[in-house]
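Student: Sequential numbering from 5 applies to the sequence shown in the numbering used here. Cβ atoms here follow ideal geometry from the backbone N, Cα and C, with glycine treated the same way.
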Amino acid sequence: MFLDAVHPEYQSQAVCGWIKKGECKTLQTTGKQKRLHFVGTLNLTDLSVMVHEYETIDADAMIRFFKDLESEKKWGQIHIILDNAAAHKNHKLIDYLKTSRIRLHYLPPYPPNLNPIGRLWKVFREMTLYNRC
């Protein structure tokens with residue numbers, strides 16, 4: 005399984021659009037800069053996805069996510085490939101993992117294309133945040 009977090013702003017993004025020369029285009033916005041925080045896993049063997057939203061991504065959120073993952077995957081070791089974010093290396097999380105069925109495998113630093121769930125987050129952004137012209 006591959007794991008990653010994403011932190012989109014609850015705001016439309018001006019990406020592209022057709023505008024007549026000399027005219028201005030107005031995009032609807034929320035008026036606020038609220039940020040959402042999601043943690044998700046992608047299993048490449050069956051293409052299953054598990055995503056949860058949290059107030060912030062810290063060791064406590066990761067422990068809650070891992071507990072939910074363990075309750076969903078009832079048997080065997082769970083191997084997770086993830087990046088080197090601070091929340092993934094916190095001492096509280098490491099202590100929890102000592103008694104867990106989850107084993108973490110860290111990607112090398114700055115691996116933009118090695119984590120397949122990043123592609124899922126890209127599609128998520130395109131479908132939900134990009135402007136519709």
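Helix, strand or coil: how does DSSP classify L51 here?
Tutor: It is coil, neither helix nor strand.
Student: Which residue comes first and which comes last in the beta strand (DSSP E) that contains I82?
Tutor: Taken as a continuous stretch (DSSP letters only), the beta strand (DSSP E) holding I82 covers 82 to 86.
Student: Mapping DSSP to helix, strand and coil, what is G44?
Tutor: G44 falls in the strand class under three-state DSSP.
Student: Helix, strand or coil, according to DSSP, for A65 in the structure here?
Tutor: Correct three-state label for A65: helix.
Student: Helix, strand or coil, according to DSSP, for Y114 in the structure here?
Tutor: In this structure, Y114 counts as coil in the three-state DSSP scheme.
Student: Quick check on DSSP: helix, strand or coil for E27?
Tutor: Of the three classes helix, strand and coil, the one that applies to E27 here is coil, per DSSP.
Student: Cutting at 6 angstroms between CB atoms, please list the residues of its own chain near N47, excluding the five before and the five after it.
Tutor: Cβ within range, chain order: M5.
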